[in-house]
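Asker: In our numbering, each number is its position in the sequence shown, counted from 1, plus 138. For glycine and all other residues, C-beta sits at the position ideal for the given N, C-alpha and C. The structure under discussion is supplied below as structure tokens; questions concerning it will follow.
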Amino acid sequence: FDTAQGFGLRAISGETIGYAHASDLSEEAMERAAETVQAVRSGKGGTMAEPPVGTNRSLYTDENPLGAFSFEDKVKLLGKIDAYARSKDPLVKQVSASIAGEWQAVQIIRGDGKRVADIRPLVRLNVSVVVGKGDRMENGSYGAGGRVGFATFVEPDAWQYQVDEALRQALVNLDSIPAPAGEMDVVLGPGWPGILLHEAIGHGLEGDFNRKKTSAFAGLMGYKVAAEGVTVIDDGTIADRRGSLSVDDEGTPTGCTTLIENGKLVGYMQDRQNARLMGVRPTGNGRRQSYAHAPMPRMTNTCMLAGDREHEEIIASVDKGIYAVNFGGGQVDITSGKFVFSCTEAYMIEKGKVGAPVKGATLIGNGPDVLTRVSMIGNNMEMDPGIGTCGKEGQGVPVGVGQPTVRIDGLTVGGTAA
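This is the structure we're talking about:
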């Protein structure tokens, strides 16, 4: 495994940030960094956001997963996964599996002299299976992870479930038919489909985009931006979750921030700089990829809260539409809110029943508009299995998403059916 260490030094003047970093922890390197960031001075003063209340809270173990599970044991586990997947079905043509872990020791020295430390484990196991019949090949994948040790995933019950899910998805896709195209009602399944919420809506609720008025949600605080019953939160305090942090990368304890409450916009996610400039409190969302990156407002675990409808009731309400269970990649324009997302597992809904699996379905829409088209919200809220990584301005950070079953009326579906 690789190891890296270093420091970053930030200076702020008004809206301007000076940032310097080095992998050398010597006094000379720190002095050079201090001289570099002083160039940000412009004579502009400002009152920093209030210092956070101290906490000894820990949301995850400080166990180092890298030392608890040997390289040889990891290789053996991956071999078992490969053999198990191939034994399950003769249609299996290829198996890919990976196990990854990291352990960060973070210390933050703030401008007010306070020191904050955090130990952050993170592990992840991914499985991908390719199946084939004749000339047709399809794949399925499943992954899980969190701020835990490897022991969570090395037990047969855990990794066999992941293999079974990857194989199930691959076999479903092998029998899929081309997806239809047009405007139709769409039902999003619980859990991982919350990635659409994260990308199409969540980024637009980050403080920097709204302060700069480049978000589709800028200037709408207090206004109705979603259908009745839609409540969206960002919660960095869920124990052991991939997106959770005991403190953010500015030393602010994370919290549960309500962003949309019963359809009304009530909050943004804030780091300390943007909170100061907007005259509000930091929310514990100042995050960075590593010491070599400056913090900025980022999501942690972003979720739509449960409603009161049964999953089966929501499916039964749709005469013709798409049931989207899993998603792959997508693209979003933060300013306009427009998005395109591809489904990796989806089904037709016909006369209130889940029908044939479909291939090539893409969901096309506008994040703020989609929020107003939510007509039914399930009572079965789930979190994703712990696989999300969010990118912003070249920085990747681990995140979580979650939601219940949700019906969206009149969403544009791109398909491949003739």
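Taking 8 Å as the limit between beta carbons, can you name the residues of its chain near G281, skipping five residues before and five after?
Answerer: Translated into the one-based positions of the sequence shown, residue 281 becomes position 143. Counting only Cβ-Cβ distances below 8 Å, and skipping sequence neighbours, we find R262, L263, N264, V265, Q300, P523, G524 and I525.
Asker: Let's test the definition: count the other Cβ atoms within 10 Å of the Cβ of V213 and tell me whether it reaches 16, buried, or not, exposed.
Answerer: Counted from its first residue, the sequence shown places residue 213 at position 75. Label assigned to V213: exposed.
Asker: Determine the direct distance from the alpha carbon of A354 to that of V508, and round the result to whole angstroms.
Answerer: Taking the sequence shown and counting its residues from 1, one reaches residue 508 at position 370. Taking the sequence shown and counting its residues from 1, one reaches residue 354 at position 216. One C-alpha to the other measures close to 13 Å.
Asker: In its own chain, which residues sit with a C-beta less than 6 Å from the C-beta of D378, not counting the 5 before and 5 after it?
Answerer: Counting from one through the sequence shown, the residue named residue 378 turns up at place 240. Answer for D378: Y198, G284, R285 and V286, listed in chain order.
Asker: When the Cα atoms are used, what is the spatial distance from D302 to C394?
Answerer: Taking the sequence shown and counting its residues from 1, one reaches residue 302 at position 164. Taking the sequence shown and counting its residues from 1, one reaches residue 394 at position 256. Their backbone Cα atoms lie some 34 Å apart in a straight line.
Asker: The alpha helix (DSSP H) with D373 in it runs from where to where?
Answerer: Position 235 of the sequence shown holds residue 373. Premise fails: D373 lies in the beta strand (DSSP E), V370 to D373, not in any alpha helix (DSSP H).
Asker: Please state if the CB of V537 and the CB of T473 are separated by a distance shorter than 8 Å.
Answerer: The count along the sequence shown starts at 1 and reaches residue 473 at position 335. The count along the sequence shown starts at 1 and reaches residue 537 at position 399. No, these two residues do not count as a Cβ contact at 8 Å.
Asker: Is it buried or exposed, A432, if we count other Cβ atoms within 10 angstroms and call 16 or more buried?
Answerer: As a working mapping, residue 432 is identified with position 294 in the sequence shown. Per the 10 Å Cβ criterion, buried.
Asker: Residue ranges of each beta strand (DSSP E) run of no fewer than 3 residues wholly in the segment 245–331, ordered along the chain?
Answerer: The qualifying runs are 253–271, 274–284 and 320–326.
Asker: Shortest alpha-carbon distance to T396 belongs to which of T352, E344 and R426?
Answerer: Start at 1 with the first residue of the sequence shown, and residue 396 comes out as number 258. Looking at the Cα atoms, E344 is the closest of the given residues.
Asker: Write down every uninterrupted run of the alpha helix (DSSP H) in the segment 188–234 whose length is 4 residues or greater and which is fully enclosed by it, in chain order.
Answerer: Runs found: 203–206 and 209–226.
Asker: Taking only three categories from DSSP, how would you classify R349?
Answerer: For this step, residue 349 is matched to residue 211 along the sequence shown. R349: helix per DSSP, three-state reduction.
Asker: In angstroms, rounded to a whole number, what distance separates the CA positions of V559 and K226?
Answerer: Any question about residue 559 goes unanswered here, given that the chain covers just 139 to 556.
Asker: Under three-state DSSP, which class holds T482?
Answerer: For the purposes of this step, residue 482 is taken as the residue at position 344 of the sequence shown. Strand, per DSSP.
Asker: If I follow the unbroken alpha helix (DSSP H) through V175, where does it start and stop?
Answerer: The residue given as residue 175 occupies position 37 in the sequence shown. Where V175 is concerned, the enclosing alpha helix (DSSP H) stretches over E165 to V175.
Asker: According to DSSP, is H341 part of a helix, a strand, or is it coil?
Answerer: Locating residue 341 in the sequence shown gives position 203, where the first residue counts as 1. H341 falls in the helix class under three-state DSSP.
Asker: Is there a C-beta anywhere in chain D that falls below 8 Å from the one on V418?
Answerer: Of the protein chains in this structure there is only one, and it is not chain D.
Asker: L260 and R380 - do their beta-carbons sit closer together than 8 Å?
Answerer: As a position in the sequence shown, residue 380 is number 242, starting the count at 1. As a position in the sequence shown, residue 260 is number 122, starting the count at 1. For R380 and L260, yes; Cβs fall inside 8 Å.
Asker: Applying the 10 Å Cβ sphere with the 16-neighbour rule, what's the burial state of Y485?
Answerer: For the purposes of this step, residue 485 is identified with residue 347 of the sequence shown, where counting begins at 1. When all chains shown are included, Y485 counts as buried.
Asker: Which one or two residues does DSSP pair with P536 in a beta bridge?
Answerer: Taking the sequence shown and counting its residues from 1, one reaches residue 536 at position 398. For P536, which the question treats as bridged, DSSP gives the partners T527.
Asker: Does the beta-carbon of P316 have 16 or more other beta-carbons within 10 angstroms, so that it is buried, or is it exposed?
Answerer: Translated into the one-based positions of the sequence shown, residue 316 becomes position 178. It is exposed - the Cβ of P316 has fewer than 16 other Cβ atoms within 10 Å.
Asker: Assuming D507 is part of the alpha helix (DSSP H), what are its boundary residues?
Answerer: Position 369 of the sequence shown, counted from the first residue, corresponds to residue 507. Element bounds for D507: G505 to T510.
Asker: Could you tell me the distance, in whole angstroms, from the CA atom of V175 to the CA atom of L147?
Answerer: Taking the sequence shown and counting its residues from 1, the one referred to as residue 175 is at position 37. Taking the sequence shown and counting its residues from 1, the one referred to as residue 147 is at position 9. Taking the straight line joining both Cα atoms gives about 7 Å.
Asker: Run through DSSP, which three-state label would Q411 get?
Answerer: On the sequence shown, residue 411 is found 273 positions in, with the first residue counted as 1. Three-state result, Q411: helix.
Asker: Measuring alpha carbon to alpha carbon, tell me which of M416, M514 and T421 ends up nearest G445.
Answerer: In the sequence shown, the residue the question calls residue 445 occupies position 307. For the residues M416, M514 and T421, the minimum Cα distance to G445 belongs to M514.
Asker: Nearest by alpha-carbon distance to Q541: which of T369, S384 and K497 is it?
Answerer: Residue mapping note: residue 541 aligns to position 403 of the sequence shown, counting from 1. Comparing Cα-Cα distances from Q541 to each of T369, S384 and K497, the minimum goes to T369.
Asker: With H, G and I counted as helix, E and B as strand and the rest as coil, what does DSSP make of E520?
Answerer: Counting from 1 along the sequence shown, the entry for residue 520 is found at position 382. Three-state result, E520: strand.
Asker: Note down the Cα distance separating R349 from G144, rounded to an integer number of angstroms.
Answerer: As a first step, residue 349 is located in the sequence shown; it is residue number 211 there, counting from the start. As a first step, residue 144 is located in the sequence shown; it is residue number 6 there, counting from the start. So the alpha carbons of these two residues sit roughly 31 Å apart.
Asker: Buried or exposed: T154, going by 16 or more other Cβ atoms within 10 Å of its Cβ?
Answerer: In the sequence shown, the residue the question calls residue 154 occupies position 16. That one is exposed.
Asker: Closest to V230 by CA distance: which of S196, K402 and R306 is it?
Answerer: By 1-based counting over the sequence shown, the position of residue 230 is 92. Nearest C-alpha to V230: R306.
Asker: Give the range of the alpha helix (DSSP H) segment to which A158 is assigned.
Answerer: On the sequence shown, position 20 is the one that residue 158 refers to. Where A158 is concerned, there is no enclosing alpha helix (DSSP H), although the beta strand (DSSP E) it sits in stretches over T154 to A160.
Asker: Report the residue from G249, C441 and R511 whose alpha carbon sits nearest the alpha carbon of S151.
Answerer: Sequence index remark: in the sequence shown, residue 151 carries index 13 (1-based). That would be G249, whose Cα lies nearest to the Cα of S151.
Asker: Give me the residue from G490, I502, M434 and G459 with the minimum Cα distance to G467.
Answerer: Locating residue 467 in the sequence shown gives position 329, where the first residue counts as 1. The shortest C-alpha separation from G467 is found at I502.
Asker: Tell me whether the beta-carbon of P318 lies closer than 8 Å to the beta-carbon of A555.
Answerer: Counting from one through the sequence shown, the residue named residue 318 turns up at place 180. Counting from one through the sequence shown, the residue named residue 555 turns up at place 417. Yes, Cβ-Cβ distance for P318 and A555 is below 8 Å.
Asker: Would V496 pass as a contact of I546 if the rule is Cβ separation under 8 Å?
Answerer: Here the question's residue 496 lines up with position 358 in the sequence shown. Here the question's residue 546 lines up with position 408 in the sequence shown. Going by C-beta atoms, V496 is not nearer than 8 Å to I546.
Asker: Note down the Cα distance separating Y361 from K402, rounded to an integer number of angstroms.
Answerer: Position 223 of the sequence shown holds residue 361. Position 264 of the sequence shown holds residue 402. Each residue's Cα considered, the two are about 5 Å apart.
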